[in-house]
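Working notes, beginning with the structure itself.
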Amino acid sequence: MSRAPAGAVVTGAGRGLGALIAGALVERGHRVLVTDLDAEAARATAAALGPEAGWAAVDVRDEAQVTAARDRVLAEAGRLDVWVNNAGVLATGPAWEQPPDVRRLMIEVNALGTVNGTVAAIGAMRETGGHIVNVVSLAGLTAVPGEAVYAASKHAALGFSLSTLADLRLAGIKGVDISCVCPDGIWTPMLHDKLDDPASALSFSGKLLRPEEVVAAVRGVLDRPRPVTAVPRRRGLQVRLADALPSLGLRALPLAVARGRRVQRRMLARRRSG
Ligand SMILES: NC(=O)c1ccc[n+]([C@@H]2O[C@H](COP(=O)([O-])OP(=O)(O)OC[C@H]3O[C@@H](n4cnc5c(N)ncnc54)[C@H](O)[C@@H]3O)[C@@H](O)[C@H]2O)c1
Numbered sequence: 001m002s003r004a005p006a007g008a009v010v011t012g013a014g015r016g017l018g019a020l021i022a023g024a025l026v027e028r029g030h031r032v033l034v035t036d037l038d039a040e041a042a043r044a045t046a047a048a049l050g051p052e053a054g055w056a057a058v059d060v061r062d063e064a065q066v067t068a069a070r071d072r073v074l075a076e077a078g079r080l081d082v083w084v085n086n087a088g089v090l091a092t093g094p095a096w097e098q099p100p101d102v103r104r105l106m107i108e109v110n111a112l113g114t115v116n117g118t119v120a121a122i123g124a125m126r127e128t129g130g131h132i133v134n135v136v137s138l139a140g141l142t143a144v145p146g147e148a149v150y151a152a153s154k155h156a157a158l159g160f161s162l163s164t165l166a167d168l169r170l171a172g173i174k175g176v177d178i179s180c181v182c183p184d185g186i187w188t189p190m191l192h193d194k195l196d197d198p199a200s201a202l203s204f205s206g207k208l209l210r211p212e213e214v215v216a217a218v219r220g221v222l223d224r225p226r227p228v229t230a231v232p233r234r235r236g237l238q239v240r241l242a243d244a245l246p247s248l249g250l251r252a253l254p255l256a257v258a259r260g261r262r263v264q265r266r267m268l269a270r271r272r273s274g
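Structure below.
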């Protein structure tokens, strides 16, 4: 007999993809804690989702805040079923041109934030079972010129997730799953101000996804956990091939960057012409 859905947490859920994932979890019957660094955004998202959503200001870099969110859900919902590590930040440009605090921010939010959320969730789920969904990126699978530190942080998030999944199984813990979703560029606020930014061209070089397409992939892994899901799948194969043959992959990157620039210019022209 399947059990009734209980608590869920989504980080970085004040806007963008995270807000939509929180909505999908409410639809699936979970009591969802919408968390974000931006307290007002978390509050507004939760209010829009109705009585099954609560909110909390949580900076994923701070382990104590992350653990407190976990404990609140356990107290309110009795069990933690789903934890989605979605919070992320992107700053573009070559690493050597970025200020140290910007490089650190990406590593801390995208990588350490995923570690903090995953460890907190495992603490609650190891007895009762549960599912951790980590929103990574295609940048976690391959080289991304213009987004090098972001790519480093996402490679770290993916490596950590897969290693921890293996550790869970080695420890005989079968009831906790970890699924990583690795989308191509998504048209969310993260990219809305990047049309004029040549360094982010690669984010526009494939199929620019609608956030709903990524939410569909998250729904897919919630139904059937999978260690890695690239969105779209075809781009996942493409970037993995480039990664398996790095010299060839590096030679192809300028073409992908040029394609991304063309898409950016087209979208910018369309935006300017209203
Ligand atoms: N937009 C894309 O092209 C794209 C592509 C692949 C993967 N992703 C990933 O998807 C996830 C969601 O991104 P999005 O596109 O919705 O971006 P977004 O910028 O719209 O939303 C990110 C959210 O994270 C929150 N956040 C930032 N720092 C935080 C912190 N320290 N603690 C808690 N919350 C924090 C922000 O306040 C914001 O609400 C991220 O992990 C991102 O890296 C995005």
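Residue 1 is where the sequence shown starts when you use full-length UniProt numbering, and the numbers rise one by one after that.
Note that CB positions come from ideal geometry on N, CA and C, so glycine has one too.
Among the options, whose alpha-carbon lies nearest the alpha-carbon of residue i?
i	options	result
Glu63	Asp167, Val109, Lys207, Val102	Val109
Arg43	Asp71, Arg61, Gly12	Gly12
residue 275	Glu27, Leu17, Arg15	In the structure displayed, the chain extends from 1 to 274; residue 275 sits before or after that span and is not available.
Gly18	Leu105, Ser273, Thr188, Pro232	Thr188
Asp59	Ala269, Val239, Glu52, Gly117	Gly117
Ala121	Ala56, Leu250, Val176	Val176
Ala39	Ala47, Pro51, Trp55	Trp55
Leu268	Leu255, His192, Arg240	His192
Gln238	Thr142, Asp36, Val66	Thr142
How would you write the range of the beta strand (DSSP E) that residue i sits in, first residue to last?
i	result
Ser183	A quick correction: the sequence has Pro, not Ser, at residue 183. From DSSP, the beta strand (DSSP E) with Pro183 extends over 176-183.
Asn116	Per DSSP, Asn116 belongs to no beta strand (DSSP E); it is in the alpha helix (DSSP H), 113-125.
Ile107	From DSSP, Ile107 is part of no beta strand (DSSP E); its letter is neither H nor E.
Ala56	53-57
Val9	7-10
Leu80	80-85
Using a Cβ-Cβ cut-off of 7 Å (strictly less than) and excluding sequence neighbours within five positions of residue i, which residues of its own chain qualify?
i	result
Phe204	Gly185, Gly260, Val263, Gln264
His155	Gly140
Ala77	Ala6, Gly7, Arg31
Ala22	Val10, Ala13, Val32, Val34, Thr45, Leu49, Ala53
Met190	Gly16, Leu90
Contact defined as beta carbons within less than 8 Å: I believe residue i pairs with residue j. What is the distance between those atoms, to the nearest angstrom?
i	j	result
Leu209	Pro183	6 Å
Arg3	Leu33	Not confirmed; about 19 Å, so no contact.
Leu170	Pro227	Between Pro227 and Leu170 the Cβ distance is about 15 Å, and since that is not below 8 Å, they are no contact.
residue 281	Ile173	Nothing can be reported for residue 281: it is not among the residues displayed for the chain, which extend from 1 to 274.
Val215	Ala24	5 Å
Gly88	Pro211	No, Gly88 and Pro211 are not in contact; Cβ-Cβ is about 13 Å, not under 8 Å.
Ala95	Arg103	6 Å
Going along the chain, which residues of its own chain have a beta-carbon closer than 6 Å to the beta-carbon of residue i, five neighbours each way excluded?
i	result
Val135	Asn86, Val181
Gly29	Pro5
Ala124	Arg70, Leu74, Leu80
Leu158	Val136, Gly140, Cys180
Counting along the chain, where does the alpha helix (DSSP H) carrying residue i start and finish?
i	result
residue 293	Not covered by the structure: residue 293. The range shown for the chain is 1 to 274.
Ile132	Here Ile132 belongs to no alpha helix (DSSP H); instead the beta strand (DSSP E) covers 130-135.
Arg31	Note, Arg31: premise wrong, no alpha helix (DSSP H); beta strand (DSSP E) at 31-36.
Gly220	211-223
Asp243	233-244
Leu191	189-192
Lys154	148-170
Among residues of its own chain, excluding the 5 on either side of residue i, which ones have a beta-carbon nearer than 8 Å to its beta-carbon?
i	result
Ile107	Val149, Ala152, Ser153, Ala156
Thr92	Gly146, Glu147, Tyr150, Lys194, Asp197, Ala199, Ser200
Ala217	Val181, Pro183, Thr229, Val231
For ligand 3, is there a heavy atom less than 7 Å away from the beta-carbon of residue i?
i	result
Ala87	As for ligand 3, it is missing from this structure, which binds only ligand 1.
How do the segment 215-235 and the segment 96-113 stand: do at least 3 beta-carbon pairs fall below 8 Å, yes or no? no
Quick check: the segment 237-253 against the segment 193-201, are at least 3 beta-carbon pairs closer than 8 Å? no
Taking 8 Å as the cut-off, does the segment 127-143 touch the segment 75-86 (at least 3 CB pairs, one atom from each stretch)? yes
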